[in-house]
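Undergrad:
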Amino acid sequence: MSLSKSLVYGFGVAVLILFVVGFIVGAIGSKFTPNEPFLDKPEVHLAPQLIYDPFLSETHLNTDRDTQSKENETHGDSAKKEHHGLPNHFVITNTLISSWIATLLLIILLVIGARGGRSDREPTGLYNIIEAIISTMYGFVEGVAGENARKFFPLFATIFFFVLVNAWLGLIPIFQSLSTWDTPGAFFRTEGHVTGHLLRPAGTDLNMPLALAIVSFFFVEFWGIKTLGFGYFSKFFRFGALLKGKIFEGIVDLFVGLLELLSEFIRLVSFTFRLFGNMTAGEILLLITSFLIPFAFSLPFYGLELLVGVIQALIFSALTLVFVTMAIEPHGGEDH
Amino acid sequence: MEGEIAAVITNYKFIGAGLAVGVGMIGPGIGIGMIGSGALNALSRNPEARGPIATNMILAIAFAEALGIYALIIGVILALVA
Numbered sequence: 001m002s003l004s005k006s007l008v009y010g011f012g013v014a015v016l017i018l019f020v021v022g023f024i025v026g027a028i029g030s031k032f033t034p035n036e037p038f039l040d041k042p043e044v045h046l047a048p049q050l051i052y053d054p055f056l057s058e059t060h061l062n063t064d065r066d067t068q069s070k071e072n073e074t075h076g077d078s079a080k081k082e083h084h085g086l087p088n089h090f091v092i093t094n095t096l097i098s099s100w101i102a103t104l105l106l107i108i109l110l111v112i113g114a115r116g117g118r119s120d121r122e123p124t125g126l127y128n129i130i131e132a133i134i135s136t137m138y139g140f141v142e143g144v145a146g147e148n149a150r151k152f153f154p155l156f157a158t159i160f161f162f163v164l165v166n167a168w169l170g171l172i173p174i175f176q177s178l179s180t181w182d183t184p185g186a187f188f189r190t191e192g193h194v195t196g197h198l199l200r201p202a203g204t205d206l207n208m209p210l211a212l213a214i215v216s217f218f219f220v221e222f223w224g225i226k227t228l229g230f231g232y233f234s235k236f237f238r239f240g241a242l243l244k245g246k247i248f249e250g251i252v253d254l255f256v257g258l259l260e261l262l263s264e265f266i267r268l269v270s271f272t273f274r275l276f277g278n279m280t281a282g283e284i285l286l287l288i289t290s291f292l293i294p295f296a297f298s299l300p301f302y303g304l305e306l307l308v309g310v311i312q313a314l315i316f317s318a319l320t321l322v323f324v325t326m327a328i329e330p331h332g333g334e335d336h
Numbered sequence: 001m002e003g004e005i006a007a008v009i010t011n012y013k014f015i016g017a018g019l020a021v022g023v024g025m026i027g028p029g030i031g032i033g034m035i036g037s038g039a040l041n042a043l044s045r046n047p048e049a050r051g052p053i054a055t056n057m058i059l060a061i062a063f064a065e066a067l068g069i070y071a072l073i074i075g076v077i078l079a080l081v082a
C-alpha cells in the first residue's frame, strides 16, 4: 500500500523535475538565457524522404542538396527541393520501410497469437487478447452489415489493424529519432550531416492513405456490381423517369444520379486527406510540444495521439463498411 | 526588383497560411461545440446510455475535427512547400 503510494509520489516528482528541466532547456526557457538556444528548431517534412534507390544501387547521398539548402537560408527553399527531390521511378522511402515493419509486426503478432488457440491446449494470453479484440470488432460489423458480416469482416479488420499499427508505430520513442547520415551505411551519429529520418509513420505519407482509399473504393464497387449486377449502375444513370415521359422529374433524377457518381470519387479524396491530415497533424503536434517544453509537456499529447490512432483506424474501416453496406442494398429508384 | 517581389509573395504566403488555419478552424470549432452540447443534453436526459453516447460523440467529433485538419494541412503546405 505504502509502496505503491511512494511509487506514485516518485513518479510525480520525476515528471515535475523533467518539466522544470524541460522548461529551462526548451524553447521558452532558452529565451531567458543569454546564450544560444539548447535545441535546434524542429523541421517539418511533408514529403517522404528517399532512403534507398534500387536502380542506382547505392545509398542516396543528397550532400549536394544539403549544401544547396544551406546556401539559401529560407526554410521554404529547402522544403521545395525536398519536395521535388524524389525521382519518378520506384524508390524506397522511409514511410515505405515503416509500413513494411507494420505489416511484419501484424503478421508475427497474429500468427503467434493464433497458435495459442489450438483446441488441445489452454489458450495463452496473447490469444485471449486477440480473440477479445476480434470478437468485439465482429460484433460491431454484425451490427452494421447484418448477415453479410462474415463477407465484409476481413476487409474491415485489415484496414483497421493496418491503420492502427501504422499510427502507433510512430509513437515508439526511438522510432523517429533514427536518422540517415550522408556517410554511407551510418544510421547513428558518427560523422557527417543528417539527411533525413530513417523511419516515419506511413500515415504521414500521402500515398499510403490514397492506396488504402483506392482499395476501399475498389471493394465498394466490386461488391456492389457482384451483388446487384448491372442494376448497380442504375443508381448513377437514372433514365427511368425520363423514359416514362416525366420531363421535370427525369431531369432532377438525372442530376441526383450524377451527384451520386461524383460523390463516389470525392470519397477517395476525403478518405485520403482525413487519414493523412490526422497523422501529419499528430506528428507536427508532438514535434512542437517537445520543442516548446521537452520531456514532460509532450506526455499528455502522446496519450491524445494513442486515442487519435484508434479513432482514425475505426473511422476509416467503419466508413468503408458503411459504404459497402450501402452499395449492396437494392435501391427502389424505379418505384416512385 | 525580382527579389523584392519574391519577398512580398513570401510574406503574403504566410498571411495566407495563417488565415487558412485561423478561419478554417471556426467551422469545426462550432461543430465540435454543438456535438458536445448535444451529447451532454442526451446524457442528462438519459444517464444510463453513457457508453454509446460517448462513443458516437467521439466519432462525430473526429469527423468535425477532420475539416479543421484539412485547413491545417493547407496551411502547412502553404508555409512549407508552396
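Same order as they appear, the protein sequences are chains A and B.
Numbering-wise (the numbering used here), the first sequence opens with residue 1 and increments by one.
Numbering-wise (the numbering used here), the second sequence opens with residue 1 and increments by one.
Even for Gly, the Cβ is constructed at its ideal location relative to N, Cα and C.
All figures in this text were calculated on a predicted structure; none of them were measured in a lab.
Which residues does DSSP pair with serine 216 of chain A in a beta bridge?
TA: Bridge partners of serine 216 of chain A: none, in fact.
Undergrad: Cβ of valine 21 of chain B less than 8 angstroms from any chain A Cβ?
TA: So, not an interface residue.
Undergrad: Among the candidates A:Glu305, A:Phe273 and A:Gly224, whose CA atom is the shortest distance from the CA of leucine 287 of chain A?
TA: Checked all of A:Glu305, A:Phe273 and A:Gly224; the closest Cα to leucine 287 of chain A is A:Glu305.
Undergrad: Measuring alpha carbon to alpha carbon, tell me which of A:Tyr9, A:Arg238, A:Leu210 and A:Ser317 ends up nearest leucine 164 of chain A.
TA: Residue A:Ser317 is the option with its Cα nearest to leucine 164 of chain A.
Undergrad: So does the region 210 to 223 of chain A actually touch the region 315 to 330 of chain A, counting three or more Cβ pairs closer than 8 angstroms?
TA: Yes: the two stretches touch, three or more of their Cβ pairs being nearer than 8 angstroms.
Undergrad: What does the alpha-carbon distance come out to for the pair lysine 81 of chain A and alanine 47 of chain A?
TA: Residue placement at lysine 81 of chain A is poorly supported in this model, since its pLDDT is 41, which falls under 50; the coordinates still yield a value, given next. The straight-line gap from Cα to Cα measures roughly 10 angstroms.
Undergrad: What did DSSP end up calling isoleucine 92 of chain A once you bin it into helix, strand or coil?
TA: DSSP places isoleucine 92 of chain A in strand when its eight states are reduced to three.
Undergrad: Could you tell me the distance, in whole angstroms, from the CA atom of alanine 114 of chain A to the CA atom of leucine 104 of chain A?
TA: About 15 angstroms.
Undergrad: Counting beta carbon pairs with one atom in the region 238 to 248 of chain A and one in the region 32 to 50 of chain B, are three or more of them shorter than 8 angstroms?
TA: Too few Cβ pairs lie closer than 8 angstroms, so no.
Undergrad: Taking beta-carbon pairs under 8 angstroms, can you tell me which members of the region 272 to 287 of chain A lie near chain B?
TA: Hits within the stretch, in order: Phe273, Arg274, Phe276, Gly277, Asn278, Thr280, Ala281 and Ile284.
Undergrad: Between A:Arg121, A:Phe152 and A:Gly125, which lies nearest to isoleucine 328 of chain A when the distance is taken from Cα to Cα?
TA: Of A:Arg121, A:Phe152 and A:Gly125, the residue nearest in Cα terms is A:Phe152.
Undergrad: Which word fits asparagine 278 of chain A, buried or exposed, when buried means at least 16 other C-beta atoms lie within 10 angstroms of its C-beta?
TA: Its Cβ being crowded by 16 or more others within 10 Å, asparagine 278 of chain A is buried.
Undergrad: Strictly under 8 angstroms for the Cβ-Cβ distance: is isoleucine 172 of chain A near chain B by that measure?
TA: Judged by the 8 angstroms Cβ criterion, isoleucine 172 of chain A is not in contact with chain B.
Undergrad: What are the residues in the region 39 to 55 of chain B lying within 9 angstroms of chain C by C-beta distance?
TA: Chain labels in this structure do not include chain C; the protein chains are A and B.
Undergrad: Do serine 179 of chain A and leucine 198 of chain A have their beta-carbon atoms positioned less than 8 angstroms apart in this structure?
TA: Yes, Cβ-Cβ distance for leucine 198 of chain A and serine 179 of chain A is below 8 angstroms.
Undergrad: Indicate whether the contact test is met: 3 or more Cβ pairs, each with one atom in the region 7 to 25 of chain B and one in the region 57 to 65 of chain B, closer than 8 angstroms.
TA: Taking 8 angstroms as the limit for Cβ pairs, the verdict is that the region 57 to 65 of chain B does not touch the region 7 to 25 of chain B.
Undergrad: Per DSSP, which residues does histidine 197 of chain A bridge with? Please list them.
TA: The partner list for histidine 197 of chain A (beta bridge, DSSP) reads A:Ser179.
Undergrad: Shorter than 8 angstroms from the beta carbon of leucine 46 of chain A to some beta carbon of chain B?
TA: Closer than 8 angstroms: yes.
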